[in-house]
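Residue numbers (my numbering), protein chains in the order written: chain A, 1 to 228; chain B, 1001 to 1228. Using N, Cα and C, we set each Cβ at its ideal position, and we do this for glycine too.
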DNA sequence: ACACAGACTGGAACGTCGTTCCAGAGATGT
DNA sequence: ACATCTCTGGAACGACGTTCCAGTCTGTGT
């Protein structure tokens, strides 16, 4: 049993919550590779062994950290609005969480059907249901939205991985876009034509446009269950 | 300069291609954690140092391995069919590659705008263009498809990570589905209603259904550029 | 024929990581 | 007071990515 009123051995007593919080700080500050049991121990003024009493694994610690971050975005149940706006709100919540903590994007997809991804799925599904999608298409619609969100999340994580914290986002995009301009004009004809869009696009709006696209597909099917 | 006609020191001479091939074998056999410079050296009957002469990094080796796998799926240029079928063909190619080599799913998203993901993007974009999508919506449509594909790929990789090679796929799904049945009936109302779908669904068909959904969204917009 | 130069090898070694182990400190029950 | 349990933190283990380097091989110039 844990002690309710904390006796103070050295500082505050170690606890799972304190460890997870420190892990999040470390990941935010140092990136994905910055989370180390030794660095964590240093930050908590203890040894690695003490951490293992509260946490079984590094995987479990990472899952707990991502859970903690995503859980905060799933609190408000954007009610009263239209289903479309509710879907956008849920999706944006996940997007913003990944934007603020890029490492979340990489590890969201590690445990697919575990919380809190499952909670996202649940929220999306309810709104899809509210759109009037027939039962037979519910699973497809909700998981398509989820897969798209997870895909963008992974991309954002990958993008921010290659960027030094001081580098500007715009610089990065122009770098990629100019790299596209040097591609073979025949082999990469399409890519070159949209290089300009890449340079000037806004990640958040582009993400939302994709959500709208899928929503348009879902609602377009409401009358015609199968495409020709 | 490399020697053209191989002198045989010990066995065949080491080469970047042989190393990448061995890395793919190792990843397929042992999973993502199985790729080790020591294991690779053992399999190639050499030492770790020799490998580093042909490959700069473990990251580079992983990228080369994923490139080699995905490149084989991008060879045939499914011509003569409708744009819709061509998009499905490209998407299925990536899906099947990830299905055969699950580790690819995890590392496809690491370098977003690098080959061969860029080649997939190019192929998707051309077909989207052929659908008659206006220029302003091309980038959004193509990258939505790509993000969805990468999202599903990541999920598949994550799923196969938790499965022992002997475990059946059906067993796994029933395990997850029955786990869903024990969820809180109120908090996870939607998830529980689609648990049956999860149990009986086919990954490949579900993936294709998602592609169709996005395509439906793309074509639905051809007349109405903005949704209300 | 013979040495020299560069390409290429492979094993040893370094530092770091995740994880385990355990001697002990602090609190609690009797 | 003692015994017991919870909890700590530093040492130690094995494996990893990577570097180093003495050495081997092979083609070339003489």
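Pick from the options that is closest to residue i, judged by C-alpha positions
{"i": "residue 1060(B)", "options": "1045(B), 1035(B), 1197(B)", "result": "1035(B)"}
{"i": "residue 139(A)", "options": "1169(B), 1126(B), 1206(B)", "result": "1206(B)"}
{"i": "residue 1202(B)", "options": "1090(B), 1189(B), 1156(B), 1082(B)", "result": "1156(B)"}
{"i": "residue 187(A)", "options": "1221(B), 1072(B), 1118(B), 1128(B)", "result": "1118(B)"}
{"i": "residue 1190(B)", "options": "20(A), 135(A), 90(A), 111(A)", "result": "135(A)"}
{"i": "residue 1074(B)", "options": "1129(B), 1167(B), 1089(B)", "result": "1089(B)"}
{"i": "residue 169(A)", "options": "83(A), 204(A), 183(A), 185(A)", "result": "204(A)"}
{"i": "residue 152(A)", "options": "1109(B), 1181(B), 1167(B)", "result": "1109(B)"}
{"i": "residue 24(A)", "options": "102(A), 180(A), 50(A), 114(A)", "result": "102(A)"}
{"i": "residue 972(B)", "options": "181(A), 167(A), 175(A), 122(A)", "result": "A query on residue 972(B) cannot be resolved here, the shown segment of chain B reaching from 1001 to 1228 and no further."}
{"i": "residue 1175(B)", "options": "212(A), 114(A), 175(A)", "result": "114(A)"}
Straight-line gap, residue i to residue j (C-alpha atoms, nearest Å)
{"i": "residue 1001(B)", "j": "residue 1048(B)", "result": "Residue confidence is low: residue 1001(B) scores 40 on pLDDT, short of 50, so the model does not pin down where it sits. Its coordinate-derived value is still stated next. Cα to Cα, residue 1001(B) sits roughly 21 Å from residue 1048(B)."}
{"i": "residue 56(A)", "j": "residue 18(A)", "result": "15 Å"}
{"i": "residue 197(A)", "j": "residue 144(A)", "result": "25 Å"}
{"i": "residue 1107(B)", "j": "residue 1062(B)", "result": "8 Å"}
{"i": "residue 1053(B)", "j": "residue 1015(B)", "result": "9 Å"}
{"i": "residue 69(A)", "j": "residue 104(A)", "result": "8 Å"}
{"i": "residue 66(A)", "j": "residue 1100(B)", "result": "29 Å"}
{"i": "residue 126(A)", "j": "residue 1199(B)", "result": "19 Å"}
{"i": "residue 1095(B)", "j": "residue 214(A)", "result": "19 Å"}
{"i": "residue 1087(B)", "j": "residue 1142(B)", "result": "10 Å"}
{"i": "residue 112(A)", "j": "residue 1173(B)", "result": "12 Å"}
{"i": "residue 193(A)", "j": "residue 161(A)", "result": "26 Å"}
{"i": "residue 1012(B)", "j": "residue 1045(B)", "result": "10 Å"}
{"i": "residue 221(A)", "j": "residue 82(A)", "result": "18 Å"}
{"i": "residue 33(A)", "j": "residue 1058(B)", "result": "15 Å"}
{"i": "residue 1181(B)", "j": "residue 116(A)", "result": "17 Å"}
{"i": "residue 1137(B)", "j": "residue 163(A)", "result": "28 Å"}
{"i": "residue 1051(B)", "j": "residue 1030(B)", "result": "19 Å"}
{"i": "residue 1226(B)", "j": "residue 1212(B)", "result": "Confidence is the limiting factor: at residue 1226(B) the pLDDT is only 48, short of 50, which leaves the residue's position unreliable, though a coordinate-based value still follows. Taking the straight line joining both Cα atoms gives about 20 Å."}
{"i": "residue 85(A)", "j": "residue 133(A)", "result": "16 Å"}
{"i": "residue 208(A)", "j": "residue 1208(B)", "result": "22 Å"}
{"i": "residue 1179(B)", "j": "residue 1171(B)", "result": "12 Å"}
{"i": "residue 959(B)", "j": "residue 97(A)", "result": "Any answer about residue 959(B) is impossible in this case: the structure gives chain B only from 1001 up to 1228."}
{"i": "residue 1167(B)", "j": "residue 167(A)", "result": "46 Å"}
Within 8 Å, strictly: CB atoms of residue i and residue j
{"i": "residue 1022(B)", "j": "residue 1038(B)", "result": "no"}
{"i": "residue 154(A)", "j": "residue 1124(B)", "result": "no"}
{"i": "residue 1177(B)", "j": "residue 1158(B)", "result": "no"}
{"i": "residue 1148(B)", "j": "residue 1217(B)", "result": "no"}
{"i": "residue 120(A)", "j": "residue 146(A)", "result": "yes"}
{"i": "residue 1064(B)", "j": "residue 1020(B)", "result": "yes"}
{"i": "residue 944(B)", "j": "residue 1092(B)", "result": "Since the first and last residues shown for chain B are 1001 and 1228, residue 944(B) lies out of range."}
{"i": "residue 1027(B)", "j": "residue 1040(B)", "result": "no"}
Inset, instruction - Output the residue ranges of the alpha helix (DSSP H) runs that lie fully inside the segment 75 to 111 of chain A and measure 4 residues or longer, sorted by chain position. - result: Runs found: 83 to 100, 103 to 108.
Inset, instruction - Note down, one range per segment and in chain order, each alpha helix (DSSP H) of at least 4 residues found wholly within the segment 1138 to 1209 of chain B. - result: Listed in chain order, they are 1169 to 1181, 1189 to 1193, 1195 to 1200.
Legend entry - Every unbroken alpha helix (DSSP H) within the segment 23 to 84 of chain A, with a cutoff of 4 residues, ordered by chain: 37 to 43, 48 to 54, 58 to 73
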